[in-house]
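Plus 34 on top of the position in the sequence shown (first one is 1) and you've got the numbering used here.
The structure appears below as structure tokens.
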Amino acid sequence: MCLAIPGKIKSIDYQYNGAVKMAKILFGGITKEASLEMVPHAEIGDYVLVHVGVAISVVNEEEAQKTFRYLEEIGELDELVEASQIDRHDGPGLDQ
């Protein structure tokens with residue numbers, strides 16, 4: 035199954051000599067890096083849907099929280115927790 039996970043943009047950086055817009059995105063206590071190339075208008079504080087390391091859509095906070103809670107309920111977030119090279123933060127939810 036293909037799955038896009040909602041997360042909140044915490045910081046934005048340009049990598050590869052400024053060629054690629056990247057962000058640190060918070061997913062319920064886990065921070066991962068993703069490309070913002072498909073959503074160049076995204077800003078710090080925005081919520082985005084991320085699929086395989088690429089933000090594919092900007093969504094509103096209510097929709098992001100609703101989707102995240104549903105994914106937690108059905109156990110689809112285990113892959114995030116088990117993934118290597120993650121940074122852990124305290125607290126549940128998207129907005130830590």
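All C-beta atoms in this analysis are idealised placements derived from N, C-alpha and C, irrespective of residue type, glycine included.
The model shown is predicted, which means the values in this text are computed figures rather than measured ones.
If you run the structure through DSSP and keep just helix, strand and coil, what is residue i?
i	result
residue 60	strand
residue 76	coil
residue 67	strand
residue 50	coil
residue 83	strand
residue 38	coil
Could you check how far apart the C-beta atoms of residue i and residue j are, in whole angstroms? I think they sit under 8 Å.
i	j	result
residue 69	residue 41	No, residue 69 and residue 41 are not in contact; Cβ-Cβ is about 13 Å, not under 8 Å.
Out of curiosity, what's the CA-to-CA distance linking residue i and residue j?
i	j	result
residue 63	residue 99	13 Å
residue 13	residue 89	In the structure as shown, the chain starts at 35 and stops at 130, and residue 13 therefore has no counterpart that could be examined.
residue 53	residue 59	19 Å
residue 46	residue 91	16 Å
residue 107	residue 37	15 Å
residue 84	residue 39	5 Å
residue 95	residue 65	17 Å
Residue i: which of the options sits nearest, CA to CA?
i	options	result
residue 76	102, 65, 93	93
residue 72	104, 96, 56, 110	56
residue 103	65, 66, 67, 61	61
Tell me, please, which residues DSSP counts as bridged to residue i.
i	result
residue 89	84
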